[in-house]
DNA sequence: CGTCCACAGGAATGACGGGCGG
DNA sequence: CCGCCCGTCATTCCTGTGGACG
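Take a look at the structure:
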């Protein structure tokens, strides 16, 4: 982000907007004080955790659902309520929320845990088992139940394996007074299958599933937030239902829907108008998609970028072989060692996976079986991002202008 | 109806760099 | 601090395959 961007944003925020009342309400990490259409999940999660009021250990819970289905919001919501009650009735308990995407090593997770039970841990120097011992003794002397929330736990396991999970589930056997409950949250449905069976059974004592929202539910959610987020009367008719229906088609992701609404508002604000229209929503969708694509492309390795560059040259759709030939020519021009066609085949699959291109296997009989590859991206955005690689500039000038 | 094209995509293996435990 | 292990990128070799063409 450039200096101008930063200053502009701050200026925007401090100036009174003629669109927004409180745009924070639309941010993804905002926890509203009501969560419509998640009553079932809220009551399930809270009844699972309720035994803590009787001083018993709640079952471990496994929570799964796609992104933007309210998993984190529900859990945080329940925990906030939870604290209210425990403090009101003089019960004591502790919880520790850890997002494993940011704390994605065994040590960092343990450090967070230690912190939440009041143990000071040096940045480095201790073995994990030593940290473990200190946490356990702290828990024992506190004599208080602990609830550990491991959000996006799949990223931890992907990096460090399920060793830590296994040990956490077994902590209770070593404790005399304290109790530990683990709440694992993931958006990867297949994740559980890959776990050590012992972890799987003890972690999955209870399961809560978060289904995607449908269009009607999304519309309801958006309306409730919009009332607080926008000034009265700035939203055109149909703006909210358009956001809802677009997001519903893309897996019922509420975060996406809220994003779209917020960006639509920001676009309207930038234009200096005082109405948010359906057109703003459509531009917002484009903008979000462009940002996403640009972000992905920027971080791609060289050869993937070269494959994309090859695709900007020439016709609409072509086969793997065509792409490989152009790619090799580009490599020759740039003095880069080309990789084999086998590797290109994998790169094409990867690009297809993230949705930048479309690759479909077709059989053309006598003329072989191959993949037809098409760009699935706004060409201007793609070229703009690729130009950031200085050595591509010559190619973009010479080859593309044919 | 069998061939054979132009690849898909699995398996084994190697080079390399970065982080972790001791 | 050093060796070790692990994940990523890449190569080599390979078997598999839908369907137009002869």
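Numbering (my numbering), first residue to last: -3 to 398. Virtual Cβ for every residue (Gly too), placed ideally from N, Cα, C. Note that the structure is a prediction, hence the values are computed from the model and not measured.
Would residue i and residue j be called neighbours here (beta carbons separated by less than 8 Å)?
| i | j | result |
| --- | --- | --- |
| residue 214 | residue 261 | no |
| residue 352 | residue 289 | yes |
| residue 140 | residue 92 | no |
| residue 304 | residue 378 | yes |
| residue 67 | residue 59 | yes |
| residue 180 | residue 212 | no |
| residue 315 | residue 373 | no |
| residue 132 | residue 106 | no |
| residue 175 | residue 252 | no |
| residue 392 | residue 226 | no |
| residue 358 | residue 347 | no |
| residue 254 | residue 28 | no |
| residue 274 | residue 313 | no |
| residue 296 | residue 387 | no |
| residue 283 | residue 259 | yes |
| residue 343 | residue 320 | no |
Provide the residue span of the beta strand (DSSP E) that contains residue i, from first to last.
| i | result |
| --- | --- |
| residue 395 | Taken as a continuous stretch (DSSP letters only), residue 395 belongs to no beta strand (DSSP E), as it is neither H nor E. |
| residue 49 | Taken as a continuous stretch (DSSP letters only), residue 49 belongs to no beta strand (DSSP E), as it is neither H nor E. |
| residue 92 | 90 to 95 |
| residue 314 | 313 to 315 |
In this structure, does DSSP put residue i in helix, strand or coil?
| i | result |
| --- | --- |
| residue 56 | coil |
| residue 389 | helix |
| residue 354 | strand |
| residue 146 | strand |
| residue 182 | strand |
| residue 193 | helix |
| residue 359 | strand |
| residue 102 | helix |
| residue 113 | coil |
| residue 131 | helix |
| residue 204 | strand |
| residue 369 | strand |
Within its chain, find whatever has a CB closer than 7 Å to the CB of residue i; leave out the 5 residues flanking it on each side and keep chain order.
| i | result |
| --- | --- |
| residue 222 | 231, 236 and 257 |
| residue 199 | 56, 58, 161, 165, 178 and 180 |
| residue 70 | 31, 34, 37, 38 and 41 |
| residue 286 | 374 and 377 |
| residue 395 | 309 |
Can you list, in chain order, the residues of its chain with a C-beta nearer than 6 Å to that of residue i? Leave out the 5 residues immediately preceding and following it.
| i | result |
| --- | --- |
| residue 209 | 248 and 250 |
| residue 167 | 176 |
First and last residue of the alpha helix (DSSP H) that includes residue i?
| i | result |
| --- | --- |
| residue 18 | It is not in any alpha helix (DSSP H) - residue 18 carries neither H nor E in the DSSP assignment. |
| residue 84 | 67 to 84 |
| residue 223 | 211 to 225 |
| residue 238 | 235 to 245 |
Spatial neighbours of residue i within its chain, please: C-beta separation below 8 Å, excluding the five flanking residues on both sides.
| i | result |
| --- | --- |
| residue 74 | 38, 41, 42 and 45 |
Report task. Taking only runs that begin and end inside the segment 257 to 311, name each unbroken beta strand (DSSP E) of 3 or more residues, in chain order. Result -> Positions of the beta strand (DSSP E) runs, each at least 3 residues long and wholly inside the segment 257 to 311, cannot be given because no such run exists.
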